[in-house]
Amino acid sequence: MISVIIPCYNSEDCLPRAVQSVLSQSYHDTELILVNNNSTDGTWQLLEGYEMKYPDKVFICNELKPGAPAARNAGLNIARGEWIQFLDADDELLPDKLLQQFTIALKKQADVVIGGSLLRYNTNGNIKEIWRHTDNNVWRGLISSNLGITSSNLWRRNTLLKVSGWDESQTSSQEYHLLFRLLKNGAKIAADKAFNTIIYFSGDSVSKSTDSKKLAGIFNRRIDLRTSIKQYLIACNRLTPMLSQAIDNYIYAEAMRMYPFIPDDVTDVIMRHAPKVNWLSKFKQKSRSLLKRLSRL
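See the structure below:
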């Protein structure tokens with residue numbers, strides 16, 4: 001069985017799309033756990049309606065501690081499935097997502113199946129789509145954020161429980177903190193090269209915030225995670241030149257991307273880490289930054 005867990009916070013407008021994408025899966029041995037997380041709109045009434053309509057498929061509960069990690073852990077603790085599909089309330093699974101990744105998991109004897117996704121950004125009615133790929137090298141993918149994201153992956157329940165599930169103190173990059181802990185604990189990861197998950201971003205998404213304090217927190221948490229990864233790889237004698245360069249490239253790219261918004265924080269990080277980046281990487285990053293600015297004109 002696959003348990004699908006959806007944290008729900010004021011989700012009455014977008015939740016029907018996510019729920020329908022679960023009910024439409026070609027893999028049928030599933031349960032759907034909807035976790036209300038302090039909603040103040042009509043979300044709870046919507047959840048009650050789903051439970052009444054699908055009493056053998058849908059289960060609902062409340063989690064009072066705020067934040068998606070706490071809601072995911074609440075669902076994880078009552079899940080009956082061997083496999084877990086986390087799904088954000090505003091995202092969507094394509095019909096063969098669960099079947100395809102379940103098949104890969106069995107074939108590869110994996111603990112986590114990472115998947116590509118389509119990122120769909122909606123800013124004031126302007127739609128932009130980006131295909132997010134996965135990396136064949138697990139550690140490089142962890143460093144560069146190319147090991148899938150929360151909704152695009154399939155997770156073995158017992159593997160998650162061995163590391164106590166989600167870290168409820170994290171407010172961003174939550175799945176990469178989790179993946180790092182899983183890898184340190186010996187989890188085996190397999191890749192699904194298909195794109196069976198659509199991730200929706202709105203103008204007020206946390207990862208697209210324009211609040212400088214929030215951006216600084218996100219930026220510093222990302223850099224701190226790469227620092228922890230580097231320290232771990234050094235400690236176990238697994239830091240190759242390729243991985244060391246990947247860390248430097250990531251820090252530099254993030255710094256260039258965030259400098260226009262939080263220059264003081266970025267300058268501090270660059271001074272502390274002094275990433276070594278070759279001229280081609282710098283040229284590519286500056287070209288991407290220029291194209292992004294031109295696209296706003």
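The UniProt record's numbering applies: residue 1 is where the sequence shown begins, and numbers increase by one. Glycine included, each C-beta is placed from N, C-alpha and C at the ideal position.
- C-alpha of Lys276 to C-alpha of Pro260: approximately 21 Å in a straight line.
- In the DSSP assignment, Leu99 falls within the unbroken alpha helix (DSSP H) covering 97–108.
- At the C-beta level, Ile143 and Ile223 stay beyond 9 Å of one another.
- Look at Leu87 here: in three-state DSSP terms it is coil, with no helix or strand label.
- By the 16-neighbour rule on beta-carbons within 10 angstroms, His133 is exposed.
- At the C-beta level, Arg226 and Ile251 come within 9 Å of one another.
- Bridge partners of Val112 according to DSSP: Trp155, Ile189.
- Shown here, Tyr259 sits in coil according to DSSP, grouped into three states, outside any helix or strand.
- DSSP places Pro55 outside both helix and strand once states are collapsed to three, so it counts as coil.
- With contacts defined as CB atoms closer than 9 Å, Phe86 and Val4 qualify as a contacting pair.
- The DSSP assignment places no complete alpha helix (DSSP H) segment of no fewer than 4 residues inside the segment 219–243.
- The alpha-carbon separation between Ile218 and Pro241 amounts to approximately 27 Å.
- Rounded to the nearest whole angstrom, the C-alpha separation of Lys97 and Ala105 is 12 Å.
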